[in-house]
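**Student:** Got a structure here, written out as structure tokens. Questions coming.
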Amino acid sequence: MRKYILLVLSLIKIALPFYAIYHENKPRVGPIGNGPAPTPWFLVTSMVLSGIAFLGLSIIMFVKESKGKNGTH
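Numbering (this note's numbering), first residue to last: 972 to 1044.
Printed below as a string of structure tokens:
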């Protein structure tokens, strides 16, 4: 069960920064300020990299479980 939760959360963690960048740069109507704020790229890249690391961990957990079921450790 842990590996499924880790898989879903890692995919969300990878997709969320891209949605935030899209939402920030989406054209809007009306007087809403001076345009989009500069994006802190360190936060975006660190979130995506941690999501990729968790995705790798989830894949490793799936592989270990499948090897354990087949009896080939």
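Note that beta-carbon positions come from the ideal geometry of N, C-alpha and C, so glycine has one too.
With H, G and I counted as helix, E and B as strand and the rest as coil, what does DSSP make of R999?
**Tutor:** Here residue 999 refers to the residue found at position 28 when the sequence shown is read from its first residue. It is coil, neither helix nor strand.
**Student:** Tell whether a beta-carbon distance below 9 Å holds between I985 and G1027.
**Tutor:** Indexing the sequence shown from 1 puts residue 985 at position 14. Indexing the sequence shown from 1 puts residue 1027 at position 56. The answer is no: Cβ separation not under 9 Å.
**Student:** Along the chain, where does the alpha helix (DSSP H) that runs through A1008 open and close?
**Tutor:** Stepping through the sequence shown from its first residue, residue 1008 is reached at position 37. Careful: A1008 lies outside any alpha helix (DSSP H) and carries neither H nor E.
**Student:** Could you tell me the alpha carbon to alpha carbon distance between L982 and T1010, rounded to whole angstroms?
**Tutor:** Residue numbering aside, residue 982 sits at position 11 when the sequence shown is read from its first letter. Residue numbering aside, residue 1010 sits at position 39 when the sequence shown is read from its first letter. L982 and T1010: Cα-Cα distance of roughly 21 Å.
**Student:** Can you list, in chain order, the residues of its chain with a C-beta nearer than 7 Å to that of F1033? Leave out the 5 residues immediately preceding and following it.
**Tutor:** By 1-based counting over the sequence shown, the position of residue 1033 is 62. Result list for F1033: K974, in chain order.
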